[in-house]
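Enquirer: One structure is given below, represented as structure tokens, and several questions about it will come after.
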Amino acid sequence: MKKAPREEPDERLTVTPPKTWATGVPAVTHALEYSLAETSVRRTGLTLLTMNQVGGIDCPGCAWADPAPGHRHVNEYCENGAKHINDEATSRRVTADFFRRHTVSGLGRRSDRWLNQQGRLTEPMVKRPGADHYEPISWHDALGLLADELRSLDSPDEAVFYTSGRVSNEAAFLLQLFARVFGTNNLPDCSNMCHESSGFALHETLGTGKGTVSLDDLHHADLILVVGQNPGTNHPRQLSALEEAKRNGARVIAVNALPEAGLLRFRNPQKARGIIGRGVPIADQFLQIRSGGDLALFQGLNRLLLEAEDARPGTVLDQDFIRSDTSGFEEFSRHARTVAWEDVLAATGLTRGEIEKVRDEVLRSERVVVCWAMGVTQHRHGVPTIREIVNFLLLRGNLGKAGAGACPVRGHSNVQGDRTMGVWEQMPDSFLDALREEFGFEPPRAHGFDSVNAIRAMGEGRVKVFVGVAGNFVRAAPDSDVTEDAMRRCRLTVHVSTKLNRSHTVCGETALILPTLGRTERDIQATGEQFVTVENSMSEVHSSHGRLEPASKVLLSEVAILCRLAARTLDASASIPWAEFEADYGTIRNRIARIVPGLHEFNRRVARPGGIRLPNPVNEGVYGTATGKAMFTRNAWEMLHAPDGHLVLQSLRSHDQWNTVPYTDDDRYRGIHGSRRVVLVNPQDVTRLGLAPGQKVDLVSVWAGGADRRAEDFTVVAYPTSPGCAAAYYPETNVLLPLDSVAESSNQPTAKGMVVRLEPRG
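Positions 33 to 794 (my numbering) are the ones given, in order, by the sequence shown.
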């Protein structure tokens, strides 16, 4: 029976002490409660018992790797994954009648949570010029409208094609193929906003944009640094890997501006000690660093390691590795010794003793892994920070060997696969050459727009058509008012989506909603039932098989939508069998196999349990850098400074949230219940700023490059953040982040480094 959607939340904030442990029985209870509120017992059982299993549904949530086949628990999922998969499998439906009852402007005043809870989209809809309602449109007419608009553009570069990590490898490959045959490299994606700095730094220093570790490496490391990351909320299954590493003798150091429950203690609900016991302490040391201080931390560590080598020559650094596999060491070494300790301590907020304790842990460890996420990448100096992490790993040869390496933890299911498939505005010539040889057309070579530059181009009228395949671009992007204004300047905005979101309410002159199958659903095409593939954070490519009946008989898969659009839009200059691709996804994988290194015999190999591990050249001692070796780099010290009366604000997700969508208004690990409009401030800062817990304030971001930005009506919560730093939830704080506030080199928005003042209301 279809359940009624919930009403807008009645915000009534209560604050309790933050949790000192994560998961356990409450996580299971909350997951089941949410799942059963969304759909039936049968559908919940079918999704959860096949989730992350061989031949089952790959979790559409995070990109954490699965244990090897034969070592997976029957319940191989986390609380947030269970919620997300059944949020997609919901029994609620958004029909044409819904759009008759609700205006576009009215929907625009609804919350993200309310929009999501209305259910699955069921048929194509169009908003005509001047209208304030969506109305039904046939697939034939919808794709014809889009094709006509694309063909009418003065240049292919007047269109952008955005995607998120929700799409499969097959759909991502077709999207970039269509865009390039059409004539543009305008392929922004969600990675532009989360891990672009990782890709730039790793490409420059190691010659690959991906991490170098496997799950087995984590299990057998001696020391793991978890930097700028909250696994308990964003990648909960990582806690199982850290628990296994601890059982094998590893030590863990957590580096974060906030204490995170999952890194304090983990109660694994799959094990008895996690249910009736106290669980396992994860972090052996917690460094409560100032937001943005990670560059200085690793500079200080690297100086200490060099000085330890001076004191005991030949016993600290891996000199053989440095000589054979690296370049730039001497210049790096000279610069590292000039880093001033007063600068390191000012930027980090740590004591020298705390940093020396980390050095001691490093010196007693043969195998070290550094994991990081957006707490590192979303800063102006994100790229130099990751380069400095690479310096740290190179010094003791912690790359290319078992139990060691670099581990950027991607947040979205297939965001890494998108890049492997060519969804990037700057794909190298080698990939474009392979496309040319395979399909007989000349791909454009000029770099296209990333997400930030796409917003600029739309705002300036240089882009007239926006096509989004999955995701919620308007809410994921920075500078909310500027982004929304840019979208409204388009002639046509198109969203291929499973559920309603804010982006559907921020329309161009004409707007299309094209509903698609979810990953949970069976995909039947002309040659029979299809499966898709995804790539996780550790470069493993495996299959995902939908198990549920589609939410509507009208739905098309992303592959089908893209194939039909291509056939309607493109001429026959490129001989590409779009109809064949739609009928049999195996034919897409055959073409991918001839283009993407490591995916040879794709169809045969991906059918094996566990799928395919893509080769990482770093682990073979091959570096695609300018010198042909791993590169030490010289990185200038940098500190994010807030003037008197201001704080450094970072945006973050609540525990009960997936990407831009909150499932509830609670964040139980941080003790926040009933509201998301809160700002977490160190108690000393609350007093210093003349504020009080529970006081209402506006957050005002200060930007040297332009006008201040304001987020209204937040409640001050005294919380153990790093002094001088504050935190508030995303996407509510995106309005504070200027479009021009981006990381050097990568152009990634700096959502963890906003300078704000808190203005009392009334």
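We put the CB at the ideal spot given by N, CA and C, even for glycine. In this text, all values refer to a predicted model and were calculated from it rather than measured experimentally.
1) Since residue 157 is in the alpha helix (DSSP H), which residue starts that stretch and which ends it?
2) On the three-state DSSP scale, how would you describe residue 757?
3) Using the beta-carbon count (16 or more within 10 Å), is residue 724 buried or exposed?
4) Short of 8 Å in beta carbon distance, which residues of its chain neighbour residue 701, apart from the five on each side in sequence? Order them along the chain.
5) Please give me, in chain order, every unbroken run of the alpha helix (DSSP H) with length at least 4 that falls completely inside the region 621-662.
6) Could you tell me the distance, in whole angstroms, from the CA atom of residue 645 to the CA atom of residue 628?
7) Whether or not the region 770-783 and the region 713-722 are in contact is what I'm after, with contact meaning three or more pairs of Cβ atoms, one per stretch, closer than 8 Å; do they touch?
8) Comparing C-alpha positions only, which one of 556, 751, 578 sits nearest to residue 565?
9) How many Å lie between residue 36 and residue 59 at the Cα?
10) For residue 555, which option in 536, 607, 615, 251 has the closest C-alpha, if you only look at C-alpha atoms?
11) Please name the residue in 260, 691, 192 whose C-alpha comes closest to that of residue 527.
12) For the beta strand (DSSP E) holding residue 562, just list the boundary residues, first then last.
13) Along the chain, where does the alpha helix (DSSP H) that runs through residue 520 open and close?
14) Straight-line CA distance for residue 356 to residue 597?
15) Are the beta-carbon atoms belonging to residue 285 and residue 390 less than 8 Å from one another?
16) Assign residue 46 to one of three DSSP states: helix, strand, or coil.
17) Kindly list the residues whose CB is nearer than 6 Å to the CB of residue 243, restricted to its own chain and excluding five residues on each side of it in sequence; keep chain order.
18) Using alpha carbons as the reference points, say which of 548, 642, 767, 485 lies closest to residue 584.
19) Kindly list the residues whose CB is nearer than 7 Å to the CB of residue 525, restricted to its own chain and excluding five residues on each side of it in sequence; keep chain order.
20) Between the alpha carbons of residue 229 and residue 66, how many angstroms are there, rounded?
21) With distances taken Cα to Cα, identify the nearest neighbour of residue 223 among 789, 708, 450, 574.
22) What separation, rounded to the nearest whole angstrom, lies between the Cα atoms of residue 82 and residue 88?
23) Per DSSP, which one or two residues make a beta bridge with residue 713?
24) Could you have a look at residue 36 and say whether DSSP puts it in helix, strand or coil?
25) Taking 8 Å as the cut-off, decide whether the C-beta atoms of residue 586 and residue 207 are in contact.
26) For residue 194, which of helix, strand or coil comes out of DSSP?
27) What does the Cβ neighbour count give for residue 417, buried or exposed, with the cut at 16 atoms within 10 Å?
28) Can you tell me whether residue 263 is helix, strand or coil according to DSSP?
29) Closest to residue 809 by CA distance: which of 405, 582, 365 is it?
30) My assumption, with CB atoms under 8 Å, is that residue 650 sits in contact with residue 240. Please give the rounded CB distance.
31) Do residue 553 and residue 581 have their beta-carbon atoms positioned less than 8 Å apart in this structure?
32) DSSP beta-bridge partners for residue 730?
33) With which residues is residue 285 paired in a DSSP beta bridge?
34) Would you mind giving the Cβ-Cβ distance between residue 156 and residue 194, rounded to the nearest angstrom? I have them listed as a contact below 8 Å.
35) Would you kindly work out how many angstroms separate the C-alpha atoms of residue 301 and residue 273, rounded to a whole number?
36) Bridge partners for residue 146 per DSSP, in chain order?
Expert: So, to answer that:
1) First-last for residue 157: 157-159, but that is the beta strand (DSSP E), not the alpha helix (DSSP H).
2) strand
3) Residue 724 should be labelled exposed.
4) These residues qualify, in order along the chain: 50, 51, 54, 264, 265, 292, 293, 294, 687.
5) 634-638
6) 13 Å
7) No: fewer than three Cβ pairs fall under 8 Å.
8) Relative to residue 565, the option among 556, 751, 578 whose CA is nearest is 578.
9) Confidence at residue 36 is low in this model, with a pLDDT of 49, below 50, so the placement of that residue should be treated as unreliable; the coordinate-derived value is given next. One C-alpha to the other measures close to 25 Å.
10) 615
11) 192
12) 560-562
13) 512-520
14) 51 Å
15) yes
16) strand
17) 438, 439, 440
18) Checking every option, the nearest Cα to that of residue 584 belongs to 548.
19) Short of 7 Å from the beta carbon of residue 525, and not among the five residues preceding or following it, lie these beta carbons of its own chain, in chain order: 498, 519, 539, 540, 543.
20) 35 Å
21) 450
22) Their Cα atoms are separated by approximately 5 Å.
23) 750, 758
24) Low local confidence applies: a pLDDT of 49 at residue 36 is under 50, so the model's placement there is unreliable, with the coordinate-based value given in what follows. It is coil, neither helix nor strand.
25) Contact: no.
26) strand
27) buried
28) Of the three classes helix, strand and coil, the one that applies to residue 263 here is helix, per DSSP.
29) In the structure as shown, the chain begins at 33 and stops at 794. Residue 809 is therefore absent and cannot be evaluated.
30) The beta carbons of residue 650 and residue 240 sit about 6 Å from each other, so the pair counts as a contact at 8 Å.
31) Yes, the pair counts as a contact, with Cβ atoms nearer than the cut-off.
32) 791
33) The partner list for residue 285 (beta bridge, DSSP) reads 257, 317.
34) Actually they do not touch by this definition, with Cβ atoms about 19 Å apart.
35) 14 Å
36) Per DSSP, none; premise fails for residue 146.
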